[in-house]
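Participant:
Numbering (the working numbering), first residue to last: 207 to 371.
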């Protein structure tokens, strides 16, 4: 199948920062030679937490330290998300990702196509977020297959056929 014109797609990868899911998607996008630019928040936890006070000056309370950092990070998040064609939101099972839930809500408010990525065990807890999503994936490879289909109209081999081989 041919790609939809020469459009480059921008995909914002939001959420959990403790596993390599972003790298898995990047590898899959490269392997399929998809015209996709992947963007994300700053994923270095310490940098993300400290950006406000490191740039704008120290605070005496943790509340204001977090407040400054959240606002500086929001500049990046808003700009990148607003320019994105698709927003992927990953929820891990180890930590509560309130920021990921907020990003999903913001993406929905912007009218972005959302794909959530999480373990099926989190389906009940994320039912409202998944309700706003165009697709709910459980592994990074599914994100790559969705992108390939959306961009090229290419379907992967049937899961039934692959299981039978």
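Just so it is clear, CB atoms sit at the ideal spot from N, CA and C, and this is done for glycine as well.
In the DSSP assignment, find the alpha helix (DSSP H) that holds residue 225 and state where it starts and stops.
Facilitator: Unbroken run through residue 225: none, as it is neither H nor E.
Participant: Are the CB atoms of residue 310 and residue 295 within a distance shorter than 8 Å?
Facilitator: yes
Participant: Would you say the stretch 325 to 334 touches the stretch 231 to 251, given that touching needs at least three Cβ pairs under 8 Å?
Facilitator: no
Participant: Three or more C-beta pairs under 8 Å: does that hold for the stretch 346 to 360 against the stretch 215 to 234?
Facilitator: yes
Participant: State the start and end residues of the unbroken beta strand (DSSP E) segment that holds residue 342.
Facilitator: 341 to 343
Participant: Quick one: which unbroken beta strand (DSSP E) runs of 3-plus residues sit fully inside the stretch 284 to 345? Chain order, please.
Facilitator: 292 to 297, 319 to 324 and 341 to 343
Participant: Tell me the residue span of the beta strand (DSSP E) that contains residue 242.
Facilitator: 242 to 245
Participant: Which class does residue 249 belong to by DSSP, given the choice of helix, strand or coil?
Facilitator: coil
Participant: Report the rounded CA-to-CA distance for residue 354 versus residue 241, giving the unit in angstroms.
Facilitator: 10 Å
Participant: Sort 358, 214, 299 and 363 by Cα distance to residue 330 and report the nearest one.
Facilitator: For the residues 358, 214, 299 and 363, the minimum Cα distance to residue 330 belongs to 299.
Participant: Within the same chain, show all residues whose beta-carbon is closer than 7 Å to that of residue 338, passing over the 5 residues directly before and after it, in chain order.
Facilitator: 310, 314 and 320
Participant: Are residue 287 and residue 293 closer than 8 Å when you measure CB to CB?
Facilitator: yes
Participant: Exposed or buried, which one is residue 357 when buried takes at least 16 other CB atoms within 10 Å?
Facilitator: buried
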